[in-house]
Amino acid sequence: MTGAGMFTLACRAWSINKHVAALGCGVATVLLCALLAKGAAAQPAPVAAVLDALRSVHPFGEVAISPDGKRVVYGSVVTGKRGGAEVDVSALWIANANDGSGAARLTACPESVCDEHSAAWSPDGTRVAFVTTDAKEQTQIAIATATDRNVKIITSAHGPLDTPRWSSDGSRIAFLYSEGAPKTPGPLNPLARDTGVLASTVHEQRLALISARGGDATLLGPADLNIYEYDWSPDGKRFVVTAARGSGDDNWWIAELDLLDAQSGALTTLLRPHLQIASPRWSGDGTRIAYIGGLMSDEGITGGDIYVVPAAGGAPVDATPGLAGSVQTITWNASATRIVATEFAAGDEVLATIDVDSKSQRQLWRAPQMIWANCLLGFTPGDAGISLAKNAALSAVIRQSYTSPPEVETGPPGKWKPITKANAGVKPITGQATNVFWKSDGFSVQGMLIEPPSLAQGRRYPLVVEVHGGPAYAHYPLFPASPDSFDAVLASQGYFVFKPNPRGSYGQGEAFTQANVRDFGYGDLRDILSGVDAAQKTAPIDPERVGITGWSYGGYMTMWALTQTDRFKAAVAGAGLSDWLSYYGTNNIDTWMIPYFGASVYDDPNVYARSSPITFIKNVHAPTLIVGGDRDAEVPITQSYEYWNALRRLGVRTEFVVYPDEGHFFFRRADQVDVASRLLNWFNTYLKPGA
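Those letters in the sequence shown? Residues 199 to 889, per the working numbering, in order.
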């Protein structure tokens, strides 16, 4: 189940459409209150001001440095009018890489508002390919010249496309293309409404190839092959792809590593892995292919070890055995013997080089921050954690921490300096963010503890535990940058917020990530509860005023925790899962569960029932707010209905809010604001900060 829990959409646009449907259960509306108790610390900022502060953060989505290291293209957000409504869209800018001077827009639609992203430099550094939208909001590939910024659209696509990449000689561009598909592929998008006789039409995402001068695109490979990621061979004759036949998004979890001929489209299977694979990268000499392999719960949310396999075929070799962290992105350097990788390890981001022959690692930089050169969903690196010039001596990243807003930075790897000042005036709305470490069942576990902006001497504060999505994900040190940064909203209003990374998360090695297999809800909950104990030893937290919240897998853990302990006095479950058995047959990505449960629900229903909150629903006593989107394809809203209806029947105080036309993640700014306000009201009602 994809998700950061509380998510921040930093690289795609928001649209505004305030429309909410609520199903209540006799719970009175509670107004926000910021009354000062005698001897209290500074009064919390009004929640409206907090939400405005979150909206004021300028997000960056991508950065790409030119091969010679002299220029950068970066993605940010602009606001304009589309169809009479104000919308935020991603935009591309080109600037001097040394100091950011001369910044100018790269766009195929200077007179209107269009979404533009996924910039890729030509090998000679004279041109930039990128994705744009035409007058019909259809995605197309455009090419801009770097010097005069003249733009030409080279495709005439009819369906979503993405990820343009140049051949080594600069004559051709490849891209991913879902011809005729009605929407951008991916389970996070709102589910299309099916009525009448249901069809099983699948619009596979294929690899397309077009001349850099334009013309007709050629689709490569079998028509029933869905391609998720790809990379060119250095000689431009082949591609390495992660791919699976049939079922589109659903089969990513069983994707293979294949070779695809760039001329004939002939397919050769290179590897059938036993777990998930991502980020295939061809070495510069063409002899080897690297990829990230491990247990991953979500396409695009990558973590694991680095594996290397001969391009001619053979067994893969783990180049990072025993790594005490999770590799997120990889890039070969010019030597074809070393890989530059970004890793998440015990709350820190790490930039390192790995010698794939000796399996040795050299850290270039490490800090409790985050860097990326391309973000997939706004809260985690996409296919690049760092953009390297051809000689790898210069690089570009977007860097941030929980208390430092994002900026574009350039310089030698690990020695970056900011070249933008978009967020120079932005200040944190919370107090300190500190790492907390503890032991649980022999595991080393890490989490983040977020403080309120100010603390009063001798006073104890309520705590809300925020469980992230995934489960193969983590709470990263990202600057709060959207109304759905619920942790920051809560902390600004006088709460401590604890963000644990329990077993099943990234950041402590692959064995830790796999430690919740066939054990959902048990070991991970023990880690969370012992983490709360650790947090209470370091901060003035009232143990009688502890709540829990989460989204996606975090919503599941919220629902589950209430059935296993009375420690939590209030809860807010977003896009949660209450019954693994009914979920299996109603979501559109059921393949992801088999690596975790070891079998399908039809072969081993007991292992699914054992971890289902609905099995133990009579144990719930805490007041629970439930929220979700009515078009969620990844965790259908029926899961929330089941939990809510059971709580009503059992007399537990509850409220259920359903948001029309939202999917697994909420893209409408007004809906994000509404959820944040309801969540804060709920915890204010039952945990009463300042009392």
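Virtual Cβ for every residue (Gly too), placed ideally from N, Cα, C.
Nearest-angstrom Cβ-Cβ length linking residue i and residue j, presumed shorter than 8 angstroms
{"i": "Ile726", "j": "Val770", "result": "Not really, about 16 angstroms apart at Cβ, beyond 8 angstroms."}
{"i": "Ala342", "j": "Asn348", "result": "7 angstroms"}
{"i": "Gln837", "j": "Leu493", "result": "Actually they do not touch by this definition, with Cβ atoms about 23 angstroms apart."}
{"i": "Ile351", "j": "Ile408", "result": "About 11 angstroms; that fails the 8 angstroms criterion."}
{"i": "Phe542", "j": "Tyr674", "result": "7 angstroms"}
{"i": "Glu427", "j": "Asp581", "result": "7 angstroms"}
{"i": "Tyr841", "j": "Gly774", "result": "7 angstroms"}
{"i": "Ser683", "j": "Leu418", "result": "Going by Cβ atoms, the distance from Ser683 to Leu418 rounds to 41 angstroms, so no, they are not a contact pair."}
{"i": "Tyr505", "j": "Gly520", "result": "Contact doesn't hold; Cβ gap of about 14 angstroms is too wide."}
{"i": "Arg560", "j": "Val548", "result": "The Cβ separation is near 11 angstroms, so there is no contact."}
{"i": "Thr608", "j": "Ala594", "result": "5 angstroms"}
Rounded C-alpha distance that separates residue i from residue j
{"i": "Pro603", "j": "Asp414", "result": "43 angstroms"}
{"i": "Cys209", "j": "Ala476", "result": "Note that Cys209 scores 40 on pLDDT, short of 50, meaning its location in the model is unreliable; the coordinates nonetheless yield the value given after this. Spanning the two alpha carbons is a distance of roughly 21 angstroms."}
{"i": "Arg657", "j": "Pro738", "result": "7 angstroms"}
{"i": "Ala301", "j": "Val554", "result": "38 angstroms"}
{"i": "Val663", "j": "Val744", "result": "7 angstroms"}
{"i": "Asn163", "j": "Val400", "result": "Lying outside 199 to 889, the shown extent of the chain, residue 163 is not represented and no answer is given."}
{"i": "Ala232", "j": "Asn714", "result": "Note that Ala232 scores a pLDDT of 26, beneath 50, so its modelled location is shaky and nothing firm can be said."}
{"i": "Ala406", "j": "Arg363", "result": "11 angstroms"}
{"i": "Ile746", "j": "Pro821", "result": "11 angstroms"}
{"i": "Gly861", "j": "Ala591", "result": "42 angstroms"}
{"i": "Ala874", "j": "Leu468", "result": "47 angstroms"}
{"i": "Thr601", "j": "Gln870", "result": "21 angstroms"}
{"i": "Arg866", "j": "Ile815", "result": "32 angstroms"}
{"i": "Thr883", "j": "Arg851", "result": "12 angstroms"}
{"i": "Trp451", "j": "Thr440", "result": "10 angstroms"}
{"i": "Trp614", "j": "Asn296", "result": "10 angstroms"}
{"i": "Lys279", "j": "Gly434", "result": "41 angstroms"}
{"i": "Ala522", "j": "Ile596", "result": "24 angstroms"}
{"i": "Trp749", "j": "Ala327", "result": "35 angstroms"}
{"i": "Pro388", "j": "Lys557", "result": "43 angstroms"}
Limits of the alpha helix (DSSP H) - the one that residue i falls within
{"i": "Val665", "result": "Counting along the chain, Val665 falls outside any alpha helix (DSSP H), though it belongs to the beta strand (DSSP E) covering 659 to 665."}
{"i": "Val730", "result": "721 to 736"}
{"i": "Trp842", "result": "836 to 847"}
{"i": "Leu249", "result": "245 to 253"}
DSSP bridge partner residues for residue i (one or two, in chain order)
{"i": "Ser776", "result": "Beta-bridge pairing links Ser776 to no other residue."}
{"i": "Pro698", "result": "Gly645"}
{"i": "His401", "result": "DSSP lists no partner for His401."}
{"i": "Asn424", "result": "Ala442"}
{"i": "Ser593", "result": "Leu586, Gly609"}
{"i": "Ile292", "result": "Val271, Ala302"}
{"i": "Glu541", "result": "Val525, Val548"}
{"i": "Val634", "result": "Gly645"}
{"i": "Lys886", "result": "None; Lys886 has no bridge partner."}
{"i": "Gly748", "result": "Val665, Ala771"}
{"i": "Ser409", "result": "Arg370"}
{"i": "Gly491", "result": "Ile475, Asp503"}
Burial state of residue i (16 or more Cβ within 10 Å)
{"i": "Lys697", "result": "buried"}
{"i": "Val275", "result": "buried"}
{"i": "Val395", "result": "exposed"}
{"i": "Arg486", "result": "buried"}
{"i": "Asp777", "result": "buried"}
{"i": "Phe635", "result": "exposed"}
{"i": "Glu335", "result": "exposed"}
{"i": "Ala536", "result": "Per the sequence shown, the amino acid found at residue 536 is Arg instead of Ala. Per the 10 Å Cβ criterion, buried."}
{"i": "Glu309", "result": "exposed"}
{"i": "Leu848", "result": "exposed"}
{"i": "Asp456", "result": "buried"}
{"i": "Tyr704", "result": "buried"}
{"i": "Gln567", "result": "buried"}
{"i": "His315", "result": "buried"}
{"i": "Pro244", "result": "exposed"}
{"i": "Asp367", "result": "exposed"}
{"i": "Tyr794", "result": "buried"}
{"i": "Gly796", "result": "exposed"}
Enclosing beta strand (DSSP E) for residue i [first to last residue]
{"i": "Lys757", "result": "The amino acid occupying residue 757 in the given sequence is Met; Lys does not appear at that position. Element bounds for Met757: not the beta strand (DSSP E) but the alpha helix (DSSP H), 751 to 762."}
{"i": "Val855", "result": "852 to 857"}
{"i": "Glu260", "result": "260 to 263"}
{"i": "Val525", "result": "524 to 530"}
{"i": "Gln559", "result": "558 to 565"}
{"i": "Arg866", "result": "Unbroken run through Arg866: none, as it is neither H nor E."}
{"i": "Ala379", "result": "That residue, Ala379, is in no beta strand (DSSP E); it is neither H nor E in DSSP."}
{"i": "Ser477", "result": "474 to 480"}
{"i": "Ala327", "result": "325 to 331"}
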